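Visitor: Okay, here's the structure, questions in a sec.
Protein chains: 2
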Amino acid sequence: MLENIKNPNDLKKLEIEQLSLLSNEIRQVLIDKLSNHGGHIGPNLAMVEITIALHYVFNSPYDKFVFDVSHQSYVHKILTGRSEAFTDESKYDNVSGYTNPSESEHDLFEIGHTSTSLSLACGLAKGRDLQNENYNVVALIGDGSLSGGEAYEGLNNIIENNSNTIVILNDNQMSIAENHGGIYKNLQKLRETKGECENNVFTAIGFDYYFIEDGHDLNSLIEIFKKVKNCKKPVLIHICTIKGKGLNFAEHDKEKWHWNFPFDKNTGESKINLDIDYNELTGQYISEKLKSNSNLVAVTSATPSVFAFNKDRREQAGKQFVDVGICEEHAIAFISGIAKAGAKPIYPVYSSFLQRTYDQLSQDLALNKNPAVIIVFAGSVYGLNDVTHLGLFDISLLNSIPNIVTLAPTCKEEYFDMLEYSLKETSFPIIIRVPGGKVLSNPNYKCTGDYSNINKFKIEKEGSKVALIGIGTFFNLCEKIANELVTNYKIKPTLINPQFISGIDKDLLRDIPKNHSLLITIEDGIIDGGFGQNIASFLGMSNVKVKNYGIPKSFPDRFIAENLLEENGISKKQIIDFIIKNLQIKND
Amino acid sequence: MLENIKNPNDLKKLEIEQLSLLSNEIRQVLIDKLSNHGGHIGPNLAMVEITIALHYVFNSPYDKFVFDVSHQSYVHKILTGRSEAFTDESKYDNVSGYTNPSESEHDLFEIGHTSTSLSLACGLAKGRDLQNENYNVVALIGDGSLSGGEAYEGLNNIIENNSNTIVILNDNQMSIAENHGGIYKNLQKLRETKGECENNVFTAIGFDYYFIEDGHDLNSLIEIFKKVKNCKKPVLIHICTIKGKGLNFAEHDKEKWHWNFPFDKNTGESKINLDIDYNELTGQYISEKLKSNSNLVAVTSATPSVFAFNKDRREQAGKQFVDVGICEEHAIAFISGIAKAGAKPIYPVYSSFLQRTYDQLSQDLALNKNPAVIIVFAGSVYGLNDVTHLGLFDISLLNSIPNIVTLAPTCKEEYFDMLEYSLKETSFPIIIRVPGGKVLSNPNYKCTGDYSNINKFKIEKEGSKVALIGIGTFFNLCEKIANELVTNYKIKPTLINPQFISGIDKDLLRDIPKNHSLLITIEDGIIDGGFGQNIASFLGMSNVKVKNYGIPKSFPDRFIAENLLEENGISKKQIIDFIIKNLQIKND
């Protein structure tokens with residue numbers, strides 16, 4: 004059937020019974036692609052019927068759909084002319100994992116972060132009203148996303164705007180892991196009473212409210228959607244679905260099957276063997292530390308998997324583990340409060356989501372100098388490569404915030420040594436930026452457990468002519484470059500591991516001009532506003548030439564890390580060529 | 004009576020009748036200081052009885068009070084050993100306008116941004132519980148602050164934490180201006196039913212709820228506070244107060260008297276005559292523009308005064324004005340949606356509050372390239388000087404975000420010319436950074452209404468030896484320096500107004516080394532991660548020396564702008580001396 008559905012109009016020609024067959028077919032297509040390709044499994048399997056019913060009743064792209072996070076938009080893509088990207092293996096990567104206006108006029112926004120859909124939809128509705136247009140604006144948000152403050156802000160202003168905005172709350176009783184927070188008490192009560200309980204946050208703030216008990220029943224969905232279509236005021240439809248619906252093991256272990264690598268569709272067994280990574284190592288480490296220090300508490304904003312804090316570890320941690328829900332802003336203020344009270348919070352978070360917290364980092368945490376610990380994961384070209392989840396911005400983001408000490412370890416041993424130190428520090432907040440790529444061990448690393456000499460760079464090898472500052476991930480590359488310069492060019496460079504990226508070692512840098520004519524920095528992020536530029540600026544009046552390597556300000560999408568690096572001159576060969584060329588010019 | 008109250012213990016010795024007299028005395032003290040000194044009037048007059056009752060019932064600093072925004076903490080300061088800063092004119096400035104741990108152990112955090120108190124308090128409670136301590140944690144939040152998502156996130160996690168946390172909701176039915184958003188429908192219903200209506204967002208998410216109809220009645224306050232003291236689970240007390248209570252004109256025009264300059268306490272007349280400023284000019288401009296363009300909409304996040312959008316202008320604007328409440332994050336997504344729908348949003352905002360939106364600027368707006376317009380006010384050393392409201396960070400903050408074009412006008416004419424252009428641009432978001440200090444007119448400025456040649460710097464005067472890049476506020480200083488170099492030193496520098504600060508003019512900069520040996524940048528913000536560093540980095544391999552002027556990464560508090568600038572070498576004399584000294588070295 005899917006072959007004949009080139010756009011939503013083709014769908015509208017079908018009888019409701021046929022829609023049911025179609026939903027089975029789509030579910031099978033999803034399972035086939037996902038088991039071969041990986042992706043968001045649970046969220047999309049839950050959305051099959053809702054999406055079919057939406058496209059059956061509403062008229063996209065005239066009517067506007069906004070998907071929260073948009074990781075649940077696969078069925079929408081299938082129904083809007085992009086089914087081949089799900090049925091034809093050679094075309095799998097023709098579509099992104101999120102809505103993408105460059106793919107289709109049915110996609111309104113590039114979205115990947117949580118809790119934004121209601122605010123964006125509210126804006127669409129306002130823009131529509133100003134122009135006296137009449138289309139429906141429909142926002143789809145999962146129960147997990149409802150923990151984010153931006154969602155609440157969106158709900159409030161949708162009511163204020165008081166015109167057609169249809170909020171679909173897809174309640175599968177799960178965030179990525181289980182839900183946490185007061186709002187979920189109300190959702191539970193609403194489910195238990197089939198939407199009838201009087202105490203209802205949505206009606207309390209002004210929504211017309213509908214409840215659909217079975218979000219996989221096309222008849223109920225279509226009935227209610229028809230009812231609210233062209234409504235003149237804000238409506239919220241609370242729909243219960245089953246995450247992973249139709250895939251046995253995904254229904255059973257919803258957390259594991261939120262997103263996954265390719266798998267055997269019969270057994271669920273993963274087709275990928277992963278090396279042990281910093282996530283798992285961090286989980287082991289924190290789990291052990293919690294046992295010996297009852298004042299220590301691990302905090303996550305709904306992504307316990309970032310530090311491999313699986314159910315066992317969470318249960319074992321008990322009160323020493325807190326999942327605050329998807330609300331990074333709260334998380335930062337929360338850990339600031341914990342640290343102020345004299346306990347020790349440790350908060351592992353993806354680089355891309357740390358972006359949500361600039362003001363909380365600055366005001367709630369840094370200004371108050373409370374000694375919380377934050378671990379930043381996937382802050383690297385080797386991290387997530389979807390344009391919505393890039394880990395390239397955090398160095399620049401943090402660069403202007405006073406009072407926070409940011410550490411950039413270069414290997415496993417240094418990372419855990421810095422972690423040890425951070426848990427003991429009582430005077431200021433510390434951020435540790437986990438290196439990108441595979442776990443790198445340096446058994447010779449001299450652990451000191453002490454990084455209190457702030458901004459003191461570490462000279463690994465003293466040399467002359469050229470100094471190499473390799474930051475975090477790229478120290479290893481600098482080391483290789485240094486070795487090759489010695490071996491092949493008889494140049495012995497100075498090799499520096501700065502360790503700190505929240506400030507510069509002014510004494511060390513002042514000495515650089517004495518016997519170097521060139522200084523190179525390589526950082527794992529955007530150059531603009533980054534760490535290297537601090538050094539270029541500081542040495543701006545000196546005779547030393549400075550070259551900052553990094554990624555130029557941009558939003559690269561679904562790139563291959565090595566290609567992106569090479570495009571920007573970041574490979575051993577390119578950098579050695581650059582050094583040789585410029586040292587020769589100097590010698591002329 | 005106040006003389007005998009050196010700390011909260013002295014308060015506890017009084018009879019309730021005496022407390023009532025004390026409240027009158029404190030109110031008079033507040034009015035006296037505020038009329039001489041200026042400050043937050045309405046919020047503090049509303050909090051007199053609540054604060055007295057809190058200190059009467061609870062035991063600060065053992066029990067912990069967290070004030071949202073903390074602009075309503077004056078009475079708390081008076082009762083905790085700091086009354087002289089309110090009664091003795093020579094000591095007025097011994098205290099800041101916000102809670103400040105360096106002033107007193109009764110102050111837990113430096114706070115100035117909205118909606119953070121619940122999250123911070125939740126952290127304190129968690130830290131307390133981990134250490135098996137038993138103090139009360141009390142968070143005080145105004146109804147206005149409840150529109151911010153971080154407050155909602157805090158409410159949710161307080162319930163999750165499920166131990167003693169007492170939330171005091173001070174409901175004076177006002178934000179800075181009037182409230183906007185769905186949540187206020189529920190507050191209204193609760194007030195109308197004296198807290199009895201069944202639909203109650205606070206009980207819905209799990210709070211024990213108390214309602215106090217008269218927040219100026221000490222008996223009711225003390226009774227309920229005693230009841231909830233040492234509670235074992237989260238409690239919310241909804242207290243109705245009158246903003247500006249006890250000062251007739253402040254009760255009458257609550258918006259005007261939220262904060263004010265010194266005034267005549269009998270008439271309310273201002274003691275300060277203000278020059279016309281960019282705020283007022285912007286209000287006039289937008290008000291006119293709205294009339295001629297029905298697709299244009301002015302958006303504020305609860306600070307209409309930032310563009311002098313008083314009641315008359317708001318009413319006149321009708322649907323073309325939206326106050327979203329205190330939620331900057333939502334505001335950015337909202338304007339992105341409006342622009343996507345084809346209408347034109349314009350969002351004036353304080354620099355300090357733009358900090359809350361890094362992720363929304365990046366993901367919701369920039370990634371989607373929707374042509375919204377943002378005007379940044381007080382992004383300057385000449386802006387707000389409280390450490391919690393600094394306008395020094397936005398240049399660095401924006402520096403790493405792709406796709407946004409940021410313009411830095413240097414005078415009134417250029418500012419409005421850029422605004423004209425921004426309203427016509429349909430391809431990308433534009434941020435305009437209003438210059439700091441007094442309005443500067445340059446009647447010779449050639450308005451083009453076109454800034455679509457992105458990152459094209461403007462050479463105001465061609466010269467040699469030294470190039471001066473004066474950004475926004477500081478272009479005028481560079482112009483003066485240039486003139487003096489010509490007059491007194493026979494050096495004719497190149498003078499550049501970059502106009503764009505979201506990118507650099509590579510062609511222009513590549514030519515600089517041809518006949519300059521020194522380049523100076525001066526920007527109105529933190530150097531680290533700022534605009535000047537982009538230039539230092541770009542010219543890092545050239546023979547030109549680069550000196551970046553700005554404020555080093557720090558949190559200066561209640562500074563005098565000229566002093567702060569001079570400390571950092573930013574004065575005409577200092578910069579000329581620097582130039583002369585360094586040009587001579589070059590000539591040696």
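If you're matching them up, the sequences are chains Z and D in order.
Our numbering puts the first residue of the first sequence at 4, with every later residue one more than the last.
Our numbering puts the first residue of the second sequence at 4, with every later residue one more than the last.
The C-beta atom is built at its ideal place from N, Cα and C for all residues, glycine as well.
Being a predicted model, the structure only gives us computed values, none of them experimental.
1. Report yes or no: is there a C-beta of chain D within less than 7 Å of the C-beta of T409/Z?
2. With a threshold of 7 Å between beta carbons, is T119/Z in contact with chain D?
3. Name the chain Z residues that come within less than 9 Å of N233/D, Cβ to Cβ?
4. On the DSSP bridge assignment, give the partners of K42/Z in chain order.
5. So with CB distances below 7 Å, who are the chain D contacts of Y155/Z?
6. List the residues of chain Z whose Cβ lies closer than 7 Å to the Cβ of E113/D, in chain order.
7. In chain order, what residues of the same chain lie with their CB nearer than 8 Å to the CB of D591/Z, ignoring the 5 residues before and after it?
8. Give every residue of the same chain whose Cβ lies closer than 6 Å to the Cβ of K550/D, excluding the five residues on either side of it in the sequence, and list them in chain order.
9. Would you kindly report the start and end of the unbroken alpha helix (DSSP H) that includes Y281/D?
10. Got a sec: which bits of the region 180 to 211 of chain Z sit with their beta carbon under 7 Å from any beta carbon on chain C, in order along the chain?
11. Quick test of your reading: L368/Z and S339/Z, contact by CB under 8 Å. State the CB separation rounded to the nearest angstrom.
12. Mind pulling the chain D residues with CB within less than 9 Å of Q75/Z?
13. Once you ignore the five residues that flank I162/D on each side, which residues in its own chain have a CB closer than 8 Å to its CB?
14. Can you tell me where the beta strand (DSSP E) holding C243/D begins and where it ends?
15. In the DSSP assignment, find the unbroken alpha helix (DSSP H) run with G157/Z in it and report its ends.
16. Out of E106/Z, I179/Z, K248/Z and T413/Z, which one is the CA nearest neighbour of Q502/Z?
17. By how many angstroms is the C-alpha of Y350/D removed from the C-alpha of N298/D?
18. Buried or exposed for H255/D, please, with buried defined as at least 16 other CB atoms from any protein chain shown within 10 angstroms of its CB.
19. Taking Cβ to Cβ, would you say I329/D is nearer than 7 Å to S355/D?
20. Using a beta-carbon distance below 7 Å, is M544/Z in contact with chain D?
21. Which one of P374/D, G473/D, F312/D and H58/D has the shortest CA to CA distance from I179/D?
22. Looking only at its chain, what residues have a beta carbon closer than 6 Å to the beta carbon of S76/D, apart from the 5 residues adjacent to it on each side?
23. Within the same chain, show all residues whose beta-carbon is closer than 6 Å to that of S308/Z, passing over the 5 residues directly before and after it, in chain order.
24. Note down the Cα distance separating T676/Z from L357/Z, rounded to an integer number of angstroms.
25. Spatial neighbours of C481/Z within its chain, please: CB distance less than 7 Å, with the 5 preceding and 5 following residues excluded, ordered by chain position.
26. Using a Cβ cut-off of 8 Å, pull out every chain D residue sitting near T391/Z, in sequence order please.
27. Inspect the CB distances between the region 138 to 156 of chain Z and the region 166 to 182 of chain D and report whether three or more fall short of 8 Å.
28. Would F1/D pass as an interface residue toward chain Z - the criterion being a Cβ-Cβ separation below 7 Å?
29. For I186/Z and Y59/Z, which I take to be in contact (beta-carbon distance under 8 Å), what is that distance rounded to the nearest angstrom?
30. Looking at chain D, which residues of the region 120 to 131 of chain Z have a Cβ within less than 7 Å of any of its Cβ atoms?
31. For N10/Z, I'd like the list of residues in its chain whose CB is within less than 7 Å of its CB, leaving aside the five on either flank, ordered along the chain.
32. Assuming C243/Z contacts D174/Z under a Cβ cut-off of 8 Å, what Cβ separation, rounded to an integer in Å, is found between them?
33. Near V469/Z, which residues of its chain fall below 8 Å by C-beta distance, leaving aside the five closest residues on each side in sequence?
34. Would you give the residue range spanned by the alpha helix (DSSP H) that H58/D belongs to?
35. Under DSSP, the beta strand (DSSP E) around P351/Z begins and ends at which residues?
36. Given S383/D, which residues of its chain have a CB within under 6 Å of its CB, disregarding the five upstream and five downstream residues?
Guide: Taking the geometry as given:
1. no
2. yes
3. For N233/D, no chain Z residue has a Cβ inside 9 Å of its Cβ, as the nearest lies near 17 Å away.
4. Residue 42/Z is actually Gly in this sequence, not Lys. DSSP output for G42/Z lists N263/Z as bridge partner(s).
5. G152 and Y155
6. L370 and N371
7. Bear in mind that the predicted position of D591/Z carries a pLDDT of just 45, short of 50, making it too unreliable to give a figure here.
8. Once the five neighbours on either side are set aside, the close Cβ partners of K550/D are I523.
9. Note, Y281/D: alpha helix (DSSP H), Y281 to S295.
10. Of the protein chains in this structure, namely Z and D, none is chain C.
11. Sure, about 5 Å apart at Cβ, within 8 Å.
12. Under the 9 Å cutoff, chain D gives no residues; its nearest Cβ is about 17 Å from Q75/Z.
13. The answer, listed in chain order, is I208, G209, F210 and P237.
14. V238 to C243
15. G152 to N164
16. T413/Z
17. 14 Å
18. H255/D comes out exposed.
19. no
20. yes
21. Out of P374/D, G473/D, F312/D and H58/D, F312/D has the C-alpha closest to the C-alpha of I179/D.
22. F70 and T102
23. none
24. Since the first and last residues shown for chain Z are 4 and 591, residue 676/Z lies out of range.
25. L471, G473, L498 and I525
26. Q366 and L370
27. no
28. No answer is possible for residue 1/D: the residues shown for chain D start at 4 and end at 591.
29. No, I186/Z and Y59/Z are not in contact; Cβ-Cβ is about 30 Å, not under 8 Å.
30. S122, L123, A124, C125, G126, L127, K129, G130 and R131
31. Apart from the 5 residues on each side of it in sequence, N10/Z sits with its Cβ closer than 7 Å to the Cβ of T83 and G84 in its chain, given in chain order.
32. Taking 8 Å as the upper bound for CB-CB distance, C243/Z and D174/Z are in contact here, some 5 Å apart.
33. L488, I494, P496, T497, H519, S520, L521, L522, I523, I582 and L586
34. V51 to V60
35. Its beta strand (DSSP E) spans residues K347 to Y353.
36. G394, G439, T476 and D527
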